[in-house]
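Chemist: Position one of the sequence shown corresponds to residue 1 (full-length UniProt numbering), numbered consecutively onward. A virtual CB, placed ideally from N, CA and C, is assigned to each residue, including glycine.
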Amino acid sequence: MAAVVTGPDAKPAASHRCRFELKKYKTAFTCQVCRVESYDAERYRCNHCGEDRHMGCIRLADEIKLGPGPKNIFSTGPVFMLFDTPQKGRNSKNEKWAKNCLVCGMPIRHYSYHAQTTGNKDLNMHPRCAELTTFNTNSRVPLELQTGERHSCVWCGKKRPEGASPAGPTDFYCWSYRLTGGRNRIHVHCYTEMVIEALKSIAQLDDDDNIHIVLKRRRSSDRNELESILSEVLKIGLDVAGIGFTDIFLDLA
Ligand SMILES: [Zn+2]
Ligand SMILES: [Zn+2]
Ligand SMILES: [Zn+2]
Ligand SMILES: [Zn+2]
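(1) Among VAL240, ASN184 and ILE213, which one has its Cα closest to the Cα of ASP247?
(2) ASP52 to ASN100, Cα distance in whole Å?
(3) VAL79: which of ASN124, LYS24 and GLY168 sits nearest, CA to CA?
(4) Under the three-state reduction of DSSP, which class applies to CYS18: helix, strand or coil?
(5) Taking C-beta to C-beta, are ARG185 and TYR177 nearer than 8 angstroms?
(6) Quick one: what does DSSP say ALA115 is sitting in, helix, strand or coil?
(7) Would you grab the beta carbon distance between LEU22 and TYR44 for me? Rounded to a whole angstrom, and I think it's under 8 angstroms.
(8) Could you name the residues of the same chain whose beta carbon sits closer than 8 angstroms to that of LEU234, not counting the 5 residues immediately before and after it, in chain order?
(9) Could you check if GLU144 is buried or exposed, using at least 16 other CB atoms within 10 Å of its CB as the buried criterion?
(10) Counting by C-beta, which residues lie closer than 5 angstroms to a heavy atom of ligand 4, in chain order?
(11) From this set, LYS93, LYS158, HIS189 and SER201, which residue's C-alpha is nearest PRO107's C-alpha?
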């Protein structure tokens, strides 16, 4: 029989395991497995300890095969193995950035999918970010993924988001989503940050179910152009976040 545990600090007693149930929320959360902050409406939650997990992080495969990835960087079909922490081989040539996720560029604080390439490069990824690369039809991937850093990110205005390693190679570290206009891109990390900020800034729907969002501008580019580009891509994220709406009106303050 299941034990009834009550109170805000209630944890399951030692003999009772967490019980995660698939639920829907309209707020951001941090996954306890990969420690990546996200906004997906659907997530697993244990009501005893109040912990959340991505749908994909409720049960991680011991190994995954990725490919082909942007610019076919995984054309050889490398096998990524699951480890408790990011891995660094003895002969690794990327000591300085091995602890950072190849895809989003951020440090990996817990589980990592790791592969070592023939070039003695250690590739590590958050489980969440590895998931982004596995399917073409993943609804949580808002736009086409790309590598390369010729243009700055429209959100942070930089080549790399804050927290990413400056040492990673430009041709395949720290991915972004391709935006309209060819030159425009937004970091994978920055896209999540933007949607979470938008979620927090949604005041109220008007009578026609339109959402009004005010976001702080990070860089001084053409405001009108950026507002129309970003409101289009925000729609995809807010949809994943479970917010129903007719249209979005974005103001870059
Ligand atoms: Zn629990
Ligand atoms: Zn996760
Ligand atoms: Zn990542
Ligand atoms: Zn950015």
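Modeler: Short version:
(1) The residue labelled residue 247 in the question sits at position 247 within the sequence shown. Checking every option, the nearest Cα to that of ASP247 belongs to ILE213.
(2) As a working mapping, residue 52 is identified with position 52 in the sequence shown. As a working mapping, residue 100 is identified with position 100 in the sequence shown. So the alpha carbons of these two residues sit roughly 22 angstroms apart.
(3) Here residue 79 is taken as the residue at index 79 of the sequence shown, counted from 1. Cα-wise, what sits closest to VAL79 is ASN124.
(4) To locate residue 18, count along the sequence shown from 1; it is residue 18. Taken through DSSP and simplified to helix, strand or coil, CYS18 comes out as coil.
(5) Numbered from 1 along the sequence shown, position 185 holds the residue referred to as residue 185. Numbered from 1 along the sequence shown, position 177 holds the residue referred to as residue 177. Yes; because the gap between Cβ atoms is below 8 angstroms, this pair is in contact.
(6) On the sequence shown, residue 115 is found 115 positions in, with the first residue counted as 1. The answer is strand: DSSP assigns ALA115 an E or B state.
(7) One-based indexing of the sequence shown puts residue 22 at position 22. One-based indexing of the sequence shown puts residue 44 at position 44. So it is a contact: roughly 6 angstroms between Cβ atoms.
(8) Position 234 of the sequence shown, counted from the first residue, corresponds to residue 234. MET194, VAL195, ALA198, ILE213, ILE248 and LEU250.
(9) The residue given as residue 144 occupies position 144 in the sequence shown. Label assigned to GLU144: exposed.
(10) Residues with a Cβ closer than 5 angstroms to any heavy atom of ligand 4, in chain order: CYS153, TRP155, CYS156, PRO161, HIS187 and CYS190.
(11) On the sequence shown, residue 107 is found 107 positions in, with the first residue counted as 1. Per the Cα distances, HIS189.
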